[in-house]
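Read through the structure below, which is laid out as structure tokens, and then see the notes.
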Amino acid sequence: MLLWCQKSRFYPQFITFVRGVSRSGDGYLQVSFPLVYCLIYPEDGWRLMQLFLIAFSIERPLYLILKNTLKRRRPPQVVAHFTSIVAPADQFSFPSGHTMAAFLLAGLALMYQGMLALPLYLWAFAVGCSRVILGVHFPSDILAGACLGTGLALGVSQLI
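All you need for the numbering used here is the position in the sequence shown, starting with 1, plus 20.
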């Protein structure tokens with residue numbers, strides 16, 4: 021898979037698209053989605069906002085603890101002749117914070133919108149794939165981020 025990622029870099033339009041998908045997971049959507057939802061559905065929106073605040077106040081510390089405890093090196097540090105296209109935000113690879121936050125958002129949206137949240141899951145999957153293609157994560161980092169984000173969404177939704 022990493023070899024395919026290396027070869028895909030010869031397609032500039034593809035890489036531009038992948039960078040955009042990756043940037044969409046930087047956190048802006050995770051902040052704006054609950055705010056917009058509150059404006060559209062005021063009664064339901066405040067409960068969702070509470071869930072988001074609780075969930076993301078757990079997600080960020082959990083992500084940092086795991087990353088700094090496990091200290092998994094990134095693909096360019098492990099795979100010979102492999103480089104990343106973007107500079108990672110931090111030093112370690114496992115789990116993917118972008119993917120974890122994206123799947124957390126999709127999971128919480130699923131609690132309120134059911135199958136209407138499917139586009140968010142597709143987006144979350146695309147965010148994870150983009151991180152591998154850009155060379156900053158291994159596929160297992162993405163899988164762990166997706167499982168942690170989804171699990172956290174399910175767990176927090178049981179609280180409120």
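For every residue, glycine included, the Cβ atom is placed at its ideal position computed from N, Cα and C. Nothing here was measured: the structure is a model prediction, and the numbers come from that model.
For residue i, the first and last residue of its enclosing alpha helix (DSSP H)
i, result
"Ser-5", "Lying before the first or after the last residue shown, residue 5 is absent from the chain, which here runs from 21 to 180."
"Ala-122", "117-133"
"Ser-160", "159-177"
"Gly-155", "Taken as a continuous stretch (DSSP letters only), Gly-155 belongs to no alpha helix (DSSP H), as it is neither H nor E."
"Leu-59", "48-60"
"Met-40", "With the sequence shown as reference, residue 40 is identified as Gly, and Met is not the correct amino acid for it. 32-44 is the extent of the alpha helix (DSSP H) around Gly-40."
Reference residue i, options the options, closest by Cα
i, options, result
"Leu-124", "Gly-65, Ala-109 and Leu-168", "Leu-168"
"Gln-205", "Arg-39, Gly-65, Leu-82 and Ile-74", "This structure leaves residue 205 out entirely; the chain is present only between 21 and 180."
"Asp-110", "Leu-174, Leu-142, Ala-137 and His-157", "His-157"
"Arg-94", "Phe-34, Ser-116 and Val-38", "Ser-116"
"Val-176", "Leu-71, Val-99 and Gly-134", "Leu-71"
"Ser-160", "Phe-114, Met-69, Asp-64 and Leu-136", "Phe-114"
"Phe-37", "Trp-143, Gln-97, Tyr-83 and Leu-82", "Trp-143"
"Tyr-48", "Phe-76, Tyr-31 and Trp-66", "Phe-76"
"Gln-1", "Pro-32, Val-99, Ser-42 and Asp-64", "Any question about residue 1 goes unanswered here, given that the chain covers just 21 to 180."
Rounded distance between the beta-carbons of residue j and residue i, thought under 8 Å
i, j, result
"Glu-79", "Leu-172", "6 Å"
Check whether the stretch 47-60 and the stretch 115-134 touch, using three or more Cβ-Cβ pairs below 8 Å as the test.
yes
Would the stretch 129-149 count as touching the stretch 77-90 if we require 3 or more Cβ pairs under 8 Å?
no
Are the stretch 95-109 and the stretch 151-166 in contact at 8 Å, needing three or more beta carbon pairs?
yes
Taking contact to mean 3 or more Cβ pairs, one atom from each stretch, closer than 8 Å, check whether the stretch 60-73 and the stretch 113-123 are in contact.
no
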